[in-house]
Each structure stands twice: as C-alpha cells, then as structure tokens.
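Engineer: Have a look at this one before I ask anything.
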Amino acid sequence: MRCLKYIVLLGVLIACSQKKSAVVGDTEYQINQNNIFKDASTSPLKAKDLRVFEGLDFFPFDSTYIISAKIMRTPDAEWFNMKTTTSRLSRERIYGIVTFKLKEKTIQLNIYQGEENMNSEEYKDYLFLPFIDNTNGEDSYAGGRYLDLRIPDDDTIEIDFNKAYNPLCAYNEKYSCPIVPRVNYIDLKVEAGVKAFKK
C-alpha cells in the first residue's frame, strides 16, 4: 500500500512537472518564443501577465510567406538616429534594399544595420527589418513588427515572415523600441508571425 501511494504521488509530480514545462506552438520557432516568454528570467512580460501567460497568439504557419529576396547593398549609406518609443536614439544605417514579390505585388524594404551590433562578436552580422502592414492595429501590434536577419553571402536573402515578432514595448512600456520607418510600409495584410498581445 505504501509503495502504491509513492507511485501515485510520483505520477502526480511527473504530471505537474510535464504541465509546467509543456511547450505551445506549431513550429520550432513558436515553441522557442513561448519558452522565452514563460521563463521569468527571460520574459519581457509584466509579472501580472506572466502569471496567466499560456502562449503567444500566432497566425497559422504559411510557407508562402518565406521569401527569397534580392538585396542591393548600400555601402555608402550614412548613419542616422532612428527614433524609438523613448528618448533613446538607435544609431543605424541602411545596409541594403530588398526587393521581392508577395501576393503578386512587388515590395521594396530597407534593411538596417545597428552600429552597436557591429561592435559585438555575436551580432556583427545581424540585420534588422522592421515593417508595418495592413494587419497593424487589428490582428497585429499597432506599431508594426520586426524580423531578425543575417548578412547573406550573395545577393539573395531569405525573409520568413512567419518569424515576425512584436517589439518588446508591446508587452511592457519599460522597453525602448525602434519606431518602424514609414518607408517600410507593406500595403498588404501580412498574415504571418505573431499577432497582437492581449493583456
């Protein structure tokens, strides 16, 4: 009987442990994002939101939003101060201009390179693609979304809009987030990536 009690107790503990570490998401990227957000040591969420967090809301994965784009580098682009949601200014330059087709429409966007990242061994090849589209303010965050990219070896670069994410200030106003330049407006509904966060 005592052994049976221990077995039952062990089963309860295992079940609780599995429930605590359960991952949510349809893709590896979504699962990783949810793990970051539910971990108190890495989550940008406020304590009250973290307590009830069950997972980010994503658009369904859609392979048509994985784009192979042409990139035209702009090595002579000048550095400028990109505005943020706070008084901080982010020192950036246009690394290149990407051109691709999405839903039969030709799109051109600026890809940015941060001065601070260039001085970091880990992020020296990091590129930043902020964009706004016609889902903003309805299905997605009103301020637009971001994509992280890496410097490609040739003149093409893969852009996966399924990995579009919200600025951290969408979850907590204590963060300072670059404001998406108007030039990076996509006159379409980009129904891919993370949706607006419901607090």
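All the letters of the sequence shown, read from the start, carry residue numbers -21 to -1, 1 to 178 under mature numbering (1 follows the signal peptide of the UniProt record, and there is no 0). Idealized CB from N, CA, C, for every residue including glycine. Everything numeric in this text was worked out from a predicted model, so none of it was measured.
1. Helix, strand or coil, according to DSSP, for residue 57 in the structure here?
2. For residue 31, does the count of other Cβ atoms within 10 angstroms reach 16, so buried, or fall short, so exposed?
3. Out of curiosity, what's the CA-to-CA distance linking residue 143 and residue 21?
4. Is it true that the region 79 to 99 meets the region 161 to 168, where meeting means three or more beta-carbon pairs spaced less than 8 Å apart?
5. What is the DSSP secondary structure of residue 52, counted as helix, strand or coil?
6. Report the three-state DSSP secondary structure of residue 81 (helix, strand or coil).
7. Within 10 angstroms of the Cβ of residue 153, are there 16 or more other Cβ atoms? Answer buried if so, exposed if not.
8. Using the beta-carbon count (16 or more within 10 Å), is residue 51 buried or exposed?
9. Going by other Cβ atoms of all chains shown within 10 Å of its Cβ, with 16 needed for buried, is residue 141 buried or exposed?
10. Please return the same chain residues whose Cβ sits closer than 8 Å to the Cβ of residue -14, not counting the five positions on each side in sequence.
11. So, is residue 61 buried or exposed, given that buried needs 16 or more other C-beta atoms within 10 angstroms?
12. CB residue 155 to CB residue 67, shorter than 7 Å?
Structural biologist: This is what the structure gives:
1. coil
2. exposed
3. 19 Å
4. yes
5. strand
6. strand
7. exposed
8. exposed
9. buried
10. Bear in mind that the predicted position of residue -14 carries a pLDDT of just 38, short of 50, making it too unreliable to give a figure here.
11. buried
12. yes
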